[in-house]
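Protein chains: 2
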Amino acid sequence: MNYFLLGQSELFAGIEAGELDNLLDCLNPVKKTYQKGEYICRAGEPLRFMGFVLSGSVNIERNDAWGNQSLLGRVAAGEVFGETYACVPGEILMVDVAAVEPCEILFLDMGKLLTICSSACGFHNRLIQNLVRVMAAKNLNLSRKINDTAPKSIRGRLLSYLSYQVVKQGGYKFEIPFNRQQLADYLGVDRSAMSNELSKMQREGLIEYRRNWFWVKGE
Amino acid sequence: MNYFLLGQSELFAGIEAGELDNLLDCLNPVKKTYQKGEYICRAGEPLRFMGFVLSGSVNIERNDAWGNQSLLGRVAAGEVFGETYACVPGEILMVDVAAVEPCEILFLDMGKLLTICSSACGFHNRLIQNLVRVMAAKNLNLSRKINDTAPKSIRGRLLSYLSYQVVKQGGYKFEIPFNRQQLADYLGVDRSAMSNELSKMQREGLIEYRRNWFWVKGE
DNA sequence: TCATTTCCGTTGTTTTAACAACATACATTC
DNA sequence: GAATGTATGTTGTTAAAACAACGGAAATGA
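Just so you know, the protein sequences line up as chains A and B, in that order.
Under the numbering used here, the residue at position 53 of the first sequence is numbered 53, and the numbers go up by one with no gaps.
Every number in the numbering used here is 219 more than the matching position in the second sequence, counting from 1.
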């Protein structure tokens, strides 16, 4: 097990390496590996475990009955997915989870995780607090996506997304983690129309960009 | 304090009346009252406490700089709001919280809530598990809103919303909790255009409706 | 019951984004 | 470095939603 990654992760933050063994014994996780492009979970299935990405990264996607795809987010190594569904018994997955690259996933039983196991593993409490923070952060990401898609115009959505990137990345020049098609999916707009709008915004001097690098011009 | 409501709520579910006193002593909550239309929290503020609605109900709204309003949801008595923000120190509110009617709010300190207080209040663990489930449920609601606004067409959004109501309310005839303007805000579309689309769908025999009552016709 | 207000549906116009099709730039591989 | 494939940008057309304005129905309150 990669203890360094675990220690670095949000979920296991603040738990000492010595305690991790106890904790993992208590949680009894299952490790699985996946190929690039392989589906880890499919919409419609129930989910009893939460997933912790040990290596690689996964996409959270929604593919509706008519073939429209919407990229909801990406989960990198050290991050988790499915914790929400795993908390609500009987709830079925609304999204697909797919491996972007080869990856290893650690599946954690939510029932065991939420049950304090007497004194055997002293850091169990800490784990739960971390989980709550992780869920809160994820919640905020969802809220952010809602904000970014709330404006009716493509420009409004782009400005919402880019403004937040300025704050998040702490500067007016930054790199975004999406290509055009993915950004368009995230914002719920047509790619070419979005490219068009980006061009206009650049001509008007609002922004400059080159591939994935953006420069938002002042206030 | 209304112990009956507390016992009925998700957050305090499974905690006996006798234990509630200990628990509340430990949490040391603050109670405030608000008038109809009054803002309980404003976007841009940080939030150190989570809110528990003792009576009345509140709207979660987003009002952007250009005056566009988007209704994100409603929180009724016995439900909570702001728990996400309260979990992430330094995070500022992206939304406004407004009283729909006169209401009483109990503010709970998240720091105290997440810290297990030795053996004094035995149901503290239960409270935390409840909180996690509440956050998960809220998370799913956000996901649902994202799903409902993912389709590009008004009809697609309506079908997404109505299909879920069928599942949620367990039947093809149901009442929705929004008026037309609020539903349009929730779906992120124009009210009159939505009315128009509803008419079309009724003419085509997909649905029937009368005010807030809807009847979704078959599969 | 009447007056007032709020809510809902309809229509026509305008704006905007989706869509399709193509051109160009970039990256990758051999 | 040539060839291929992928990503991005551009343009014109079409479809759809936003918008504005209004009429009528239903709820509300005196």
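Quick reminder that beta carbons are idealized off the backbone N, C-alpha and C, glycines included.
Computed from a prediction, not measured in an experiment: that's the story for all the values here.
- Met194/A CB to nearest chain B CB: under 8 Å? no
- Find out if the Cβ-Cβ distance for the pair Leu351/B, Met135/A is shorter than 8 Å. The question names Leu, but residue 351/B in the sequence shown is Val. Cβ distance < 8 Å, so Val351/B and Met135/A count as in contact.
- What do you get for Asp96/A, buried or exposed, if any count of 16 or more other CB atoms within 10 angstroms of its CB means buried? By the neighbour-count rule (16 or more Cβ atoms within 10 Å), Asp96/A is buried.
- Message: Residues of chain B with CB closer than 7 Å to the CB of Leu114/A, please, in chain order.
- Response: Gln348 and Val351
- Have a look at the DSSP bridge pairing and note the partners of Lys392/B. Trp434/B
- Message: Count Cβ pairs between the stretch 363-383 of chain B and the stretch 406-416 of chain B that sit closer than 8 Å; are there 3 or more?
- Response: yes
- Taking only the alpha-carbon atoms, compute the straight-line gap between Leu20/A and Glu257/B and give it to the nearest angstrom. Spanning the alpha carbons of Leu20/A and Glu257/B requires a straight line of approximately 48 Å.
- Query: In this structure, does DSSP put Ile154/A in helix, strand or coil?
  - Reply: helix
- Message: Contact between the stretch 250-266 of chain B and the stretch 289-308 of chain B is defined here as three or more beta-carbon pairs at a separation below 8 Å; is this criterion met?
- Response: yes
- Task: Give a yes or no on whether the minimum CB-CB distance between Leu198/A and chain B is below 8 Å.
- Result: So no, Leu198/A is outside the interface.
- Task: Please report how far the alpha carbon of Tyr161/A lies from the alpha carbon of Glu104/A, in whole angstroms.
- Result: 31 Å
- Task: Compute the minimum distance between the beta carbon of Ala184/A and the heavy atoms of the ligand FMN, and state whether it is under 7 Å.
- Result: The ligand content of the structure shown is nil, which means the ligand FMN is not present either.
- Message: Restricting to Cα atoms, I'd like to know which of Tyr253/B, Val299/B, Asp244/B and Leu243/B is closest to Asn448/B.
- Response: The structure shown does not extend to residue 448/B, since chain B is modelled only from 220 to 438, so the question has no answer here.
- Query: Is the shortest distance between the beta-carbon of Ala369/B and the beta-carbons of chain A less than 8 Å?
  - Reply: yes
- Please work out which residues of its chain come closer than 6 Å, Cβ to Cβ, to Ser9/A, disregarding the five sequence neighbours upstream and downstream, and give them in chain order. Gly78
- Pick out whichever of Val249/B, Ser372/B and Cys260/B has its Cα sitting closest to the Cα of Leu325/B. Val249/B
- Mind pulling the chain B residues with CB within less than 7 Å of Gly14/A? None at all; the shortest Cβ gap to chain B is about 13 Å.
- Message: Please return the same chain residues whose Cβ sits closer than 6 Å to the Cβ of Tyr34/A, not counting the five positions on each side in sequence.
- Response: Ile40, Ala99 and Cys103
- Query: With 8 Å set as the bound, which would you pick, yes or no: does the beta-carbon of Ser143/A sit closer than that to a beta-carbon of chain B?
  - Reply: Yes, Ser143/A counts as interfacial toward chain B.
- Interface partners of Val58/A on chain B, CB under 7 Å: The premise fails here: Val58/A is roughly 16 Å from chain B at the closest Cβ pair, so nothing lies under 7 Å.
- Whose C-beta lies closer than 7 Å to the C-beta of Ile234/B among residues of the same chain, with five residues either side of it excluded? Once the five neighbours on either side are set aside, the close Cβ partners of Ile234/B are Leu242, Phe342, Arg345 and Leu346.
- Inter-residue spacing [alpha-carbon to alpha-carbon] between Leu425/B and Lys152/A: 27 Å
- Item | Close Cβ partners of Phe231/B (< 6 Å) along its chain, the five nearest in sequence each way excluded | Hits under 6 Å: Leu225.
- Environment of Ala403/B [buried if 16+ CB atoms lie within 10 Å]: Flag for Ala403/B reads buried.
- Excluding five sequence neighbours on each side, which residues of the same chain lie with their C-beta closer than 8 Å to the C-beta of Tyr391/B? Val385, Trp434, Val435, Lys436 and Gly437
- Phe271/B (DSSP reduced to helix, strand or coil): strand
- Task: Within the stretch 296-326 of chain B, note down every full beta strand (DSSP E) run reaching 3 residues or more, in order along the chain.
- Result: 315-318
- Query: Listed in chain order, which residues of the stretch 299-316 of chain B have Cβ atoms closer than 9 Å to some Cβ of chain A?
  - Reply: For the stretch 299-316 of chain B, the beta-carbon criterion of a distance under 9 Å to any beta-carbon of chain A is satisfied by Glu302, Thr303, Tyr304, Ala305, Cys306, Val307, Glu310, Met313 and Val314.
- Query: Is it right to say Ala193/A is buried, meaning 16 or more other beta carbons lie within 10 angstroms of its own, or is it exposed?
  - Reply: Of the other Cβ atoms in all chains shown, fewer than 16 fall within 10 Å of the Cβ of Ala193/A; this residue is therefore exposed.
- Task: Check the DSSP bridge columns for Ile279/B and list the partner residues they point to.
- Result: Gly292/B and Val316/B
- Message: Just verifying my parser: in three-state terms, what is the DSSP assignment at Glu416/B?
- Response: helix
- Query: Which residues mark the beginning and the end of the beta strand (DSSP E) in which Ile347/B is found?
  - Reply: DSSP places Ile347/B outside any beta strand (DSSP E); the residue lies instead in the alpha helix (DSSP H), whose first and last residues are His343 to Thr368.
- Item | Ser418/B classed as buried or exposed, judged by whether at least 16 other C-beta atoms fall within 10 angstroms | exposed
- In the structure shown, what three-state DSSP assignment does Arg410/B receive? helix
- Message: What does the Cβ neighbour count give for Asn212/A, buried or exposed, with the cut at 16 atoms within 10 Å?
- Response: exposed
- Can you tell me which of Leu93/A, Met50/A, Asn147/A and Ala150/A puts its alpha carbon nearest to the alpha carbon of Leu113/A? Met50/A
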